Amino acid sequence: MLLEELESRHVPTKVLDDREIVFELERKPDIGVDVVLERCIQHSRALYSLWVFGIWGIPTVNTFEVADICGNKLLTTMRLIRDGVPSPRTRVAFTPESALVAAEELGYPVVMKPLVGSWGRLISKVNDEAAEAILEHKDVLGTYMHSIYYVQEYVPKPGRDIRAFVVGDETIAAIYRYSDHWITNTARGGKATKCVVTPELNEVCVRAARAVGGGVVAIDVLEGAEGLLVNEVNYTMEFRNSIETTGVNIAAKVIDYVLSVAPR
């Protein structure tokens, strides 16, 4: 859809396949473009590609900083807290024992997440009986990311959450994601309907986007008892199934922003 939008505007475009690209680190990448729009599926490929492009002064959407922060739930949460963006109460611990203390302090059920991950994978809603077993399992896995325990309060929601799309300083569209399961990701079978972008929703989402460095991001928002809470910020936003739902040409908005970043 993005390529079709660029073609409709007669913008010369080059596709860089991350399965084939090789960076010669001693030299500036000779890719012959004014700006790079990152659309990698794998976070690691996106992150280090953006780092190389950025070091050599090639403009990117989004930047390495935004990808680095949004790709790590701890970094994202700390930016939201720093900038006063409302978000669920969260604890980080480094041992199963201290993580259990954190869970008990927050009050069950709690949500445990890997620091890096998307599409609702490896996220667990945990009650007191299961907590010790899950923490022990993570400890046995022993990988770098499983040795850090990200524990978040469970926020009851009305069978849905909100995915909002921010481009620059505007929330251009939003959807409700409904599911009978507590995880509402459309990648996990959630159903989408249009969500009206209210002034309150626009404000909290734009503030969240600015907190992580701005650009083109998708914001996951929970409807808490005391108002909206920003749950996560995604730097490679997926929107194909949201254009018809929202009635907004999201691809066009994204390309408008990308072209504004390119050197004149």
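Read in order, the letters of the sequence shown correspond to residues 21 to 284 in this note's numbering. C-beta: ideal position from N, C-alpha, C; glycine also. Because the structure is a prediction, the values reported are computed rather than measured.
Residues in the same chain with beta-carbon distance under 7 angstroms from residue i, minus the five sequence neighbours each way, listed in chain order, please.
{"i": "A151", "result": "L120 and A123"}
{"i": "V175", "result": "P108, L242, G244 and L249"}
{"i": "K133", "result": "K93, I143, Y170 and Q172"}
{"i": "L135", "result": "N92, K93, L94, M165, I168 and Y170"}
Might you give, ordered along the chain, the residues of its own chain that have their beta carbon closer than 6 angstroms to the beta carbon of residue i, omitting 5 neighbours on each side?
{"i": "D148", "result": "Y128"}
{"i": "Q172", "result": "P108, T110 and V131"}
{"i": "T213", "result": "Y196"}
{"i": "Y1", "result": "Any answer about residue 1 is impossible in this case: the structure gives the chain only from 21 up to 284."}
{"i": "P283", "result": "D54"}
Determine which residues share a DSSP beta bridge with residue i and list them.
{"i": "I154", "result": "The partner list for I154 (beta bridge, DSSP) is empty, contrary to what the question assumes."}
{"i": "D181", "result": "R197"}
{"i": "G247", "result": "G244"}
{"i": "K211", "result": "Y198"}
{"i": "Q62", "result": "DSSP, once it has assigned bridges, lists no residue as partnering Q62."}
{"i": "T265", "result": "According to DSSP, T265 bridges with nothing at all."}
{"i": "I239", "result": "A184 and V253"}
{"i": "K145", "result": "V131"}
{"i": "L57", "result": "V81"}
{"i": "E190", "result": "V187"}
Which of helix, strand or coil does DSSP assign to residue i?
{"i": "M21", "result": "coil"}
{"i": "K133", "result": "strand"}
{"i": "Y164", "result": "coil"}
{"i": "E220", "result": "helix"}
{"i": "N285", "result": "No information on residue 285 is available, as it lies outside the stretch 21 to 284 that the chain covers here."}
{"i": "R111", "result": "strand"}
{"i": "Y277", "result": "helix"}
{"i": "Y169", "result": "strand"}
{"i": "Y174", "result": "coil"}
{"i": "D159", "result": "helix"}
{"i": "R102", "result": "helix"}
{"i": "P116", "result": "helix"}
{"i": "W76", "result": "coil"}
{"i": "L70", "result": "helix"}
{"i": "K93", "result": "helix"}
{"i": "L126", "result": "helix"}
{"i": "A272", "result": "helix"}
{"i": "L45", "result": "coil"}
{"i": "A87", "result": "helix"}
{"i": "V121", "result": "helix"}
{"i": "K36", "result": "It is worth fixing the name first, because residue 36 is Leu in this sequence and not Lys. Coil at L36, not helix or strand."}
{"i": "V226", "result": "helix"}
For residue i, I'd like the list of residues in its chain whose CB is within less than 8 angstroms of its CB, leaving aside the five on either flank, ordered along the chain.
{"i": "N254", "result": "C90, S138, V237, A238, I239 and D240"}
{"i": "L221", "result": "I182, A184, T191, A194, C215, V241 and L248"}
{"i": "D276", "result": "V187"}
{"i": "L95", "result": "D88 and I89"}
If residue i sits next to residue j, beta carbons under 8 angstroms apart, how far is it from one beta carbon to the other, in whole angstroms?
{"i": "G235", "j": "V86", "result": "5 angstroms"}
{"i": "K273", "j": "V217", "result": "Actually they are not in contact, since the Cβ atoms of K273 and V217 sit about 13 angstroms apart, beyond 8 angstroms."}
{"i": "E58", "j": "T256", "result": "6 angstroms"}
{"i": "T80", "j": "V53", "result": "Contact flag wrong, Cβ pair sits at about 10 angstroms."}
{"i": "R65", "j": "V232", "result": "Actually they are not in contact, since the Cβ atoms of R65 and V232 sit about 20 angstroms apart, beyond 8 angstroms."}
{"i": "P116", "j": "L67", "result": "Wrong, their Cβ atoms sit about 28 angstroms apart, outside the cutoff."}
{"i": "K177", "j": "Y198", "result": "The Cβ separation is near 10 angstroms, so there is no contact."}
{"i": "I78", "j": "P49", "result": "7 angstroms"}
Verify the CB distance criterion: does residue i have a CB-CB separation below 7 angstroms to chain D?
{"i": "A282", "result": "In the structure shown, chain D does not exist; there is a single protein chain."}
### Query
Pairing CB atoms from the segment 215 to 231 with CB atoms from the segment 257 to 264, are three or more of them under 8 angstroms?
Taking a cut-off of 8 angstroms for Cβ pairs, the segment 215 to 231 and the segment 257 to 264 do not touch, as fewer than three such pairs fall below it.
### Message
Under 8 angstroms, with one C-beta from each stretch per pair, do the segment 36 to 51 and the segment 70 to 80 reach the 3-pair mark?
### Response
The segment 36 to 51 is in contact with the segment 70 to 80.
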